[in-house]
Amino acid sequence: MLLQLNHIYKWVKQGGKRVFLLNDISLDVEEGEFISIMGPSGSGKSTLLNVIGMLDEFQEGEYIFDGEPVHSLKEKQRAKLYKEYIGFVFQAYHLIDELTVYENIETPLLYKNIKSSERKALVADMLDRFNIVGKKDLFPAQLSGGQQQLVGIARALIAKPKLILADEPTGNLNSKQGEEIMELFKELNTEGVTIIQATHSESNAAYGNRIIHLLDGSKQLQPQN
Amino acid sequence: MLKNYIKIAFRNLWKDKSFTLLNLLGLSIAFAAALLLAMYAFFDLSYDQFHKNKEAIFQVYYTEQTPGGRALATSMPVPFAPALREELPNIKHVTRYMSDGALNLEEGKELNLRLIFTDPDFFEMFTFETLLGSADVLKENSKISITEETAQKLFGRTDVLGQSLNLLINGRKEAFTVGSILKDIPITSGLRFDVAVNFTHSPNYAENLDRWDARNHSVFIQLDEGATPSALTKSAASFTNLHYQGNIEDLKRDGAQPNANGNYLELNLLPFKDMHFADFSGDSLKVSRAYPYMILGIGLLILFIAGINFVNMSIARSAQRLREIGMRKTLGAAKKQLFFQFWSESVWIFLIALLLGIGLSLALESPFRQLFNTPARLTDLSSSTLLIALFISFILITFIAGGYPALVLSKLGTLKALKGKLDLAGKNRVRNVLMVVQFSIAIVLISGTFVLGKQLDYMRNKDLGFNKEEVIAIPLNGKRANRQNVALLRNELAGKPGILSVSASDNNLGLGRDGSTYFSRMGFDYKGRGVATNMLVVDYDYPETLGLQLKEGRTFSRSFSGDSLSIVINEAMARELQEKEPVNKQIILDDSITYTIVGVLKDYNFQSLSKKIEPISMFMNRDWDLYYAFIKIAPQNRVQSFEAIEDAWKRIEPNAEFLGSFIDENIDRTFKRERTMTTIISSGSLIAIILSCIGLFAISMLVVTQRTKEIGVRKVVGASVAQITFLLTKDFLKLVGVAFLIAAPVAWWLLSQWLQDYEYRIELHLWIFLAAGLLAVFIALVTISFRTIRAALKNPVESLRTE
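Residue numbers (our numbering), protein chains in the order written: chain A, 1 to 225; chain B, 1 to 803.
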């Protein structure tokens, strides 16, 4: 088992009342799964991804990642954990504007203190694999949305994570670009990377091998059809 | 990693050009100003510090309990130094020191030389390097030491050992042999001279050899290793009681109170290294390095203001980098790494600014030296300890000003940063506090400029009780006897148009172009009490030439034959004598000579305006020398009259330099320190204002950008341009208002402290501070309005569309 959420609650106080962002979420994820989280806006998809990605805290419940109890870890250890095992892909790509494609992909390696020669080799592999060698010296602003997201995924993959968290990865893309990205995810999944994506789109969700429906922070039981 | 940081740092700096430029501009101005001010201050602090024995050398001074209170004196009698050496333990060296002028009598080269009379020990104690000849050359009475520069001037070369030299000293011609050549005196030396001769050549040496009541020179001593000055002061008690017995008895008789140690007259020691900073004029010795430290402080304040700008701009700008921060955090950046990244970006800016600042200060060095009238050089700062100190302060500034924003940025929560949400309320508080501090400093400096300027103006324009605009003072530096030259001047100028009268005295008013100052005082017994007065030897027509007001009696007159035994005093002297009707009262000097008071002059400021008017007595004894001629001219054609006087002097003394100047120039010259201080504070406040405005401008730019949407919405719902401008301006004005409330009392206190030093001073009025505050408000308004009005005028459709 890669990760396990047990009765996670997360709320904010509004006018003295608790508003639940996550309400009793339990979830087991095995290695090699491709999970799609669906739900309308504000249903808690992003929050759930952020909690899984350890970027956000929760008030109650247990979270075990790769055998480690995340809820009782200190921030530093948590950071070490996600740095090692998790890659993020965002709807708005979140590339660093001042860095070139090459440098953007390289950045996670810098933070992992990997040697220069090894970095070069890894980044070159990645550029090769995504067919963007020719674009390595361009800045994000010079790329199309689809290409930017490609770089975003390459960057998420460079540190060889076990888990990729993708928050509406195709939300800013047209349908053709979106399809390409989803195909890529599928391919990665078959290579063994665990993927959890949040999405609005039924067709994108269908790429996953399990779909979780969220509404107002709660898991909805929907008949599988 | 480092390469990555550098790359992104430069790309960021390049991307935000206006920010980078404003910061570079502000910081490099600040670095340049701070460097120049540090140069000035360190130069002042380095005075007299080059002597190897400076720790062991002391200047001797008396503390005397007079009936009027405590008084300090550095003048010593001739037998004092030899007696000290004989009678007190732990004294390694003693030297007497008296400076005077001499005229070189070589044919065609009449040069005025600065001469000192001193003892052979002088060169053992002080570090004035001997280049040629031996250091103890003064042991031979007829041998002298001259500096290299002087040798060059006199002989055109420096290997002049054994050359003979005829000098005219106080009207006496004496022949000397050059016994040693000294390296030129460092500019940071308080002891300055061209020629050193044995003390036995000093004026009236033989008469004063055993007189303990005639004091005319300074004495320096060097203690044995391990000896303390306090031990010496203690053991000197019996020495003073023995040698100053008569003096002490007089003090007791006049009702003086002994000091805490039960002494009426005490010998004290001033560490030589403090000499440049010592003030003997009060009732206790004041050693104060406040002036250089104040200048250093202004430099630091300027740096501080620029640092604040940097911090404020960096934090305000961080909104634009939130996404990057968030992203880097999700990519696994630790706080430490983010901190280092942002800090290193700051370091680059600081480094570039420092280099620009150094360049700027080098470019401004010579105008600065001129403006502030200082011989200091930037290369003076290159001593290793100073460099290290400067380096450390640079690192510190970088660490604080660059580190704080970096810390704030690196501490942001990942998600918040990613979503671009910045909790600005807290940051704004820091920003506001910093801006208040900044404007407080500016307001204090502006008030300082106003008050110093006003005080200087007041001192310049104050009626001193004599005519300073139409009187020219000429130092009598000719070859002939001075009295003879005065008579010749009278003849030459008699009947010339524009010349009203000619007189002379033995002291100048203000500081003449000869650069010499001295005072002469005496004490005597009057009706069983000791009284003290300043002395002035004058020629006929002195009060008339200077335009001094006669209160009663008469002045010296050619129609009275016995006037060499008459004296004219001022009102303060009449009070000192406690005589309601002093005219015709008699005083006895030197045990036997009776002088009669013939007239009383109204008080006039013959000394610095920092002092109360003291008693003065004028003598017209023809046996005493005169050193300055005074010529009154008509108010019209001042230039022609001045030239006529110069011509006359040139005819009388063709080889002597003409150093005549109007007395108001001389008075002005005494305000050198005040003028420099005013210039420094006003340029300091100018820079402070400019820097604060750069900061304000940048902040207003950012605030306007952040509120573009708000402005658009407000306009759409009907706000006018004026209302929006007011809305954007009022927050800043509030800050300036708070700054005023803080700064005004501080400035008031500081400036009233400073004014305490002046007996004659301006009153502090509230409006001075209000004016400073209003000026700051006005400048702030203008600065902000550049951006706010533009934002308010913008078509709201535009600003809303961009959202």
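Cβ atoms here follow ideal geometry from the backbone N, Cα and C, with glycine treated the same way.
Item	Value
Under the DSSP definition of a beta bridge, which residues are partnered with residue 114/B?	101/B
Quick one: does the C-beta of residue 35/A sit closer than 8 angstroms to a heavy atom of the ligand SAM?	No copy of the ligand SAM occurs in the structure displayed, which carries no ligand at all.
Go through the segment 639-726 of chain B residue by residue and report every complete run of the alpha helix (DSSP H) that reaches 4 residues or more, in order.	663-670, 672-706 and 708-716
Any beta carbon from chain A within less than 9 angstroms of residue 8/B's own beta carbon?	yes
Got a sec? Which residues, its chain only, sit under 8 angstroms from residue 157/A by beta carbon, not counting five neighbours each side?	87, 126, 164, 188 and 193
How would you call residue 778/B, buried or exposed, if buried means at least 16 neighbouring beta carbons within 10 angstroms?	exposed
Is residue 175/B helix, strand or coil when you go by DSSP?	strand
Could you name the residues of chain A that residue 15/B contacts, counting a contact when the two beta carbons are closer than 7 angstroms?	98
Is residue 406/B close to chain A? Criterion is C-beta to C-beta, closer than 9 angstroms.	no
Whose CA, out of 147/B, 285/B and 114/B, lies closest to the CA of residue 123/B?	147/B
Would you verify that the beta carbon of residue 327/B is, or is not, closer than 9 angstroms to some beta carbon of chain A?	yes
Identify the contact partners of residue 112/A in chain B, using a Cβ-Cβ distance below 7 angstroms as the criterion.	332
Determine the chain B residues that contact residue 169/A at a beta-carbon separation under 8 angstroms, and present them in chain order.	Near residue 169/A there are no residues of chain B at all, since even the closest Cβ is about 14 angstroms away, more than 8 angstroms.
When you compare each of 442/B, 54/B, 601/B and 645/B to residue 780/B by their alpha carbons, which one comes out closest?	442/B
9 angstroms is my cut-off, CB to CB: does residue 414/B come that close to chain A?	yes
How would you label residue 65/B, buried or exposed, when you count the other beta carbons within 10 angstroms and need 16 or more for buried?	buried
So, with DSSP's three-state summary, where would you put residue 802/B?	In this prediction, residue 802/B scores a pLDDT of 45, lower than 50, which makes its location untrustworthy; the coordinate-derived value is nonetheless stated afterwards. In this structure, residue 802/B counts as helix in the three-state DSSP scheme.
Using a Cβ-Cβ cutoff of 7 angstroms, what residues of the segment 47-73 of chain A are near chain B? List them in chain order.	50, 55 and 56
So residue 4/B contacts chain A; which residues on that side make the cut at Cβ distance below 9 angstroms?	99, 103, 106, 107 and 110
Using 10 angstroms around the beta-carbon of residue 1/A, count the other beta-carbons present and answer buried if the total reaches 16, otherwise exposed.	exposed
Determine the chain A residues that contact residue 324/B at a beta-carbon separation under 7 angstroms, and present them in chain order.	96
Going along the chain, which residues of its own chain have a beta-carbon closer than 6 angstroms to the beta-carbon of residue 286/B, five neighbours each way excluded?	279
Along the beta strand (DSSP E) that carries residue 11/A, what are the first and last residues, could you check?	3-14
Rounded to whole angstroms, what is the Cα-Cα separation between residue 171/A and residue 154/A?	18 angstroms
Please report whether the beta-carbon of residue 27/A lies at a distance below 9 angstroms from any beta-carbon of chain B.	no
According to DSSP, what are the bridge partners of residue 167/B?	104/B and 174/B
Taking C-beta pairs closer than 7 angstroms, name the residues in chain A that residue 11/B reaches, listed in chain order.	98
For residue 418/B and chain A, any beta-carbon pair shorter than 9 angstroms?	yes
Taking the Cβ atom as the reference point for each residue, do residue 125/B and residue 218/B lie within a distance shorter than 9 angstroms?	no
Is it right to say residue 312/B is buried, meaning 16 or more other beta carbons lie within 10 angstroms of its own, or is it exposed?	buried
Let me check understanding here. Comparing Cα to Cα, which of 769/B, 320/B and 314/B lies closest to residue 418/B?	320/B
Are there 16 or more other CB atoms within 10 angstroms of the CB of residue 147/A, so buried, or fewer, so exposed?	buried
Using 10 angstroms around the beta-carbon of residue 224/A, count the other beta-carbons present and answer buried if the total reaches 16, otherwise exposed.	Residue confidence for residue 224/A is low, a pLDDT of 49 falling below 50, so the modelled location carries little weight and cannot support an answer.
Indicate the three-state DSSP secondary structure (helix, strand or coil) for residue 113/A in the structure shown.	coil
Could you tell me the distance, in whole angstroms, from the CA atom of residue 29/A to the CA atom of residue 6/A?	12 angstroms
At 8 angstroms on the CB atoms, spell out the chain A contacts of residue 337/B, in chain order.	111
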